[in-house]
Each structure stands twice: as structure tokens, then as C-alpha cells.
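Working notes, structure below.
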Amino acid sequence: MRILKLSAAGVRGIIGQALTPQLLVNFGQAFGTYVESGPVLISRDTRQSGPMVAATVTAGLMGAGCQVTDLGICPTAALQLAVRHSDAAGGIAITAGHNDASWNALKFIRADGIFLNPRQSEELLDIYHQGEYIKATWDELKSLKSDPTAAQSHLEAILQQVDQAQIAAAGLKVAVDCANGACSEYSPPLLESLGCEVVAINAEPHLPFPHPPEPSRVNLSQLRALVRAAQADVGFAHDADGDRLGVVGADGSAPGEEITMCLCTEMILRRGDPGSVVTNLSTTMAVRDLARRYGRQLHTTPIGQAYITESALNYGAAVAGEGSGGVVFPRLNYAHDSLAAMAHILDLLASTGADLHQFIEDNIPRYAMCKEEVVCPTEQAYSVLEAIRSQGLPGWAESRDLQDGVKLIAEDRWVHVRVSQTEPLIRVIAEAKDEPTAAALAREYVSRVRRLL
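For the sequence shown, my numbering assigns the number 441 to the initial residue and increments by one for each residue that follows.
So, in C-alpha cells, the structure goes:
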């Protein structure tokens, strides 16, 4: 199956199938045309296809007259911060994030360091499909530059956001799984700068991913074992490009992806940062409850970092993020940032003196979530969603939200059916106060989706 995903999340596909060198050159030229031959920064994660993708995209950008600066392997948030603090017209992050090593992707960044919003992405796609690119003449071509300092500048910026002395005084022992990704050379030094004792695994960026890079509960078995064996106070897991963060307690428990956003929301609102909270439609109701606890307004968006960051900027949010483990700290940067999330969670633990598990038990509202998926070609998926939309509101639901698929909502439960923007799937996510209710809701709508295929 030749899968190519073109969306607000960028251009994503399997190397050697849909994501070909010619397509990558063309998208480089298209983005170079979009930014009117302005300077462009690029970065990549550690997957094997990265150098090929970087070379072909660079060729397209240079062919459109851009001055290209290659930051090398670094977290995407570091690239976004570098774009924001430079004269660059934009940036391209070469990473498929949580997807396995056969995938790669281009994520397009505008001059303020934020991903292109949906309207801007459509403009870029129009340029690509029309094929009318700027073509620099031989004497207009610019040399390729490199800058290996972006990641270190990013770490220094993170350190300014937290209480370093307080974290150091807590004497925390931290285990970290970098998945041999872009955080491999940066996460352990950040933890050491915070005064933590560090036990790291999978911090060798020249080696393949040791497991799927998505830091979901099912992929944290190595980290959970390490936390127990090393008697660490807490464990953290990064994805391939430093976008998402997974968390493990001292007892080896993995409370799930949703807890990252919950802990960071509690930290930022407890600290008193002004502003609202932004999250997506599939994120736990616990974030809603935390916003209410601190008297903050909650804004919800469709799924995707482009929507989250744009809304965080527009609403002046104190914190934003998704249940996938990606968190935005507007005071630092408008980017999902697993390194910053890790530092803020350590600041929270140090300030309260609490064990992670006990802190969650005492402070984070508890809900049960069930996530299912149904394989479905993208061209068929939207007709399935339209059929579910036409079924109307069931008796238990109080409202529905159609920003992204169909979300049916009550005060104590919800179910969300939507088309994945990164894979050929329909996702069904349900949440309730107890696991049987959430599982039953998810099963019901998975069955409805399958009947419509």
C-alpha cells in the first residue's frame, strides 16, 4: 500500500514507497517558493532515512534560491525556537515523530517558529500541486550552512523556566529512555544540569530505534524495568524528535500518556502563570477539571500540534497540549517539547516533595480511557464519519462537537470518532469515570464504524 499523508501535520509517508526523492525535492521547492526564497532552517531526527530526506529537501530549497542552514539532529522544539529567534523565513523538521523507522515526514514551520496553520498548509499544497516553483539561476544559488548550536540554546532556555536550585536540592534519581532519538545527546545533560542523578538507556543516536518511538504505556517496558532496577524516583521516555513525553513512577507504574499534560497543567497553573488552557478534543477530562480548579477557561481544538499552537497563541494560553504526551509552554516556545515537559514535572515534584504516584493519586482527577482504531483507507474514512454524524445525538449525550470528526459529550463521559491525520485509520476514543463504561462506549462505536465500511 502506497500511503502518503498530506495534511496540516505536514507531508508523511513510507520511504521507498510514497515518500520518494522526487516528491521531497518538489516539496522543498514548493516551500522555498512559499517563503519567497527566504532563509530556511532544517533539522532531523535519527531515523536512517534522515540524511537522504535532508539532502533532497535541501536541493529543492536551494533550487528555489533559499539560504539553507542545517541544524543537524536535534529536537524539533529546538528548531522551532531557533527559527523564532533568527531572521529565517521558516523551517522544515524532518521527522515522523512517533511513527516507526520506515516512515519519515516534513513538518513546515513559519517565521515565528510555529507550524503552518491549516490555511497556510493549504496554500503550500496549492503551490506544490501547481508545480510553479521559483527556479534560482546559477548565480542566485546560495551555499549550504550548518549550525550545531540550536539544541544547546534550547536547553539553556529550558533551564531559565524552572527552579534549578529547588530541583537540585530534591536529589532526584531519574531514569530516561531516549529511544535513540533526537533527545539522546540532550536529555541526560539537561537532567545533570538540574542536579539529578541520571540513569539513561537508548541514548545512542547512531543506532536504530530499540522499540516503537511512541512513548505510550505499551512501549515503556524497558523504562519501567530500569526504574525498578535502578530504584529511580521517576522515569521519562522521549519520542523520536522530542515532541512527546511518557512518564513512569518509582514503582514502575506507567500512568499513561494523558498524565504528562495533566502534570504540566497542574505545574503551570499552580505556579500562577496567567492565561487559559488549550487542549484537543481527545484529551482527558482531567485537564478540564484542573482548569476549573484554578478558575481558568478551557479551549478545545481539533487534533494536531498546528491547531494547539495556533490556539495557544490566539488565546494567550498559560499551557497547551495533547493527551499524546505533547505539551506547549508558551512562556518558552510554541512547540510540543518533551525536554521542557520533563523539566517542569521535575520542578513540580521538587516543589511538593511528593512521590509521583502519590501526587497523581492526591491531585489529578481520575478517569478511564479506551483507545481503539479501525484500519480504513482515507478516501473511504470521511464518508464513514459523515454517516456517524448523520445518526444524531444518542440519549446519554448532552452535546456534540464536530470540529474534528464526531465527539459526543456528557459531563462524565465522551466518545470521539475521527480520521487519523498520520495513518490510514479511524480512531475511536472513549472516556468515562470507570473502565467498563469507557470500554463499552468504544466498542459500540468501533462496531458502528465497521458496519459502515
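All C-beta atoms in this analysis are idealised placements derived from N, C-alpha and C, irrespective of residue type, glycine included. These numbers were taken from a predicted model, which means no experiment stands behind them.
Quick check: the Cα distance between residue i and residue j, rounded to an integer number of angstroms?
i, j, result
"Leu788", "Met707", "6 Å"
"Arg732", "Pro817", "39 Å"
"Thr862", "Ile534", "15 Å"
"Ala808", "Leu721", "16 Å"
"Val646", "Ser633", "Checking the sequence shown, residue 646 turns out to be His, not Val. Between His646 and Ser633, the C-alpha separation is close to 24 Å."
"Gly763", "Gly503", "39 Å"
"Pro870", "Lys811", "The amino acid occupying residue 870 in the given sequence is Ala; Pro does not appear at that position. Between Ala870 and Lys811, the C-alpha separation is close to 7 Å."
"Gln606", "Thr792", "10 Å"
"Arg711", "Met701", "15 Å"
"Gly530", "Gln520", "9 Å"
"Arg657", "Ala665", "13 Å"
"Asn466", "Val493", "12 Å"
"Leu881", "Asp691", "31 Å"
"Met441", "Gln604", "Note that Met441 scores 48 on pLDDT, short of 50, meaning its location in the model is unreliable; the coordinates nonetheless yield the value given after this. If I take the Cα positions, the gap works out to 49 Å."
"Ala694", "Ala672", "14 Å"
"Pro588", "Ile849", "47 Å"
"Gly505", "Gly468", "11 Å"
"Ala517", "Arg524", "10 Å"
"Asp566", "Leu464", "16 Å"
"Glu654", "Leu511", "23 Å"
"Asp471", "Thr723", "Per the sequence shown, the amino acid found at residue 471 is Phe instead of Asp. One C-alpha to the other measures close to 32 Å."
"Thr705", "Val857", "25 Å"
"Gln592", "Val859", "37 Å"
"Ala590", "Leu833", "49 Å"
"Ile866", "Ser586", "40 Å"
"Asp844", "Leu893", "19 Å"
"His678", "Ser627", "9 Å"
"Gln601", "Arg668", "30 Å"
"Arg771", "Ala758", "8 Å"
With DSSP as the reference, please indicate the residues paired to residue i in a beta bridge.
i, result
"Ser586", "Asp510"
"Trp854", "Ile849 and Glu871"
"Ile866", "Val814 and Val859"
"Met809", "Glu871"
"Arg840", "Leu848"
"Leu459", "Ile455"
So, helix, strand or coil for residue i, using DSSP?
i, result
"Arg487", "coil"
"Gly450", "strand"
"Gly531", "strand"
"Leu660", "coil"
"Asp603", "coil"
"Ala622", "coil"
"Met441", "Any reading at Met441 must be qualified, since the residue scores a pLDDT of 48, below 50, and its modelled position is unreliable; the value itself is stated next. Three-state result, Met441: coil."
"Leu501", "helix"
"Val475", "coil"
"Arg883", "helix"
"Glu644", "coil"
"Leu481", "strand"
"Glu637", "strand"
"Ala821", "helix"
"Ala615", "strand"
"Leu581", "coil"
"Ser526", "coil"
"Gln520", "helix"
"His594", "helix"
"Gly832", "coil"
"Glu654", "coil"
Please classify residue i: is it buried, with 16 or more other beta-carbons within 10 angstroms of its beta-carbon, or exposed?
i, result
"Arg736", "buried"
"Pro515", "buried"
"Gly395", "Outside the shown range of the chain (441 to 893) lies residue 395, about which nothing can therefore be said."
"Asp527", "exposed"
"Asn754", "exposed"
"Leu546", "buried"
"Trp836", "exposed"
"Asp852", "exposed"
"His776", "buried"
"Glu698", "buried"
"Asp874", "exposed"
"Trp578", "exposed"
"Gly490", "buried"
"Cys623", "buried"
"Leu738", "buried"
"His784", "buried"
"His569", "exposed"
"Pro629", "exposed"
"Lys575", "exposed"
Kindly provide the ranges of any beta strand (DSSP E) runs that are 3 or more residues long and lie completely inside the region 669–744, ordered along the chain.
674–678, 685–689, 717–720 and 738–741
With a floor of 4 residues, list each alpha helix (DSSP H) that falls wholly inside the region 534–573, ordered by position along the chain.
558–570
At 4 residues or longer, what runs of the alpha helix (DSSP H) sit wholly inside the region 753–805?
778–792 and 796–803
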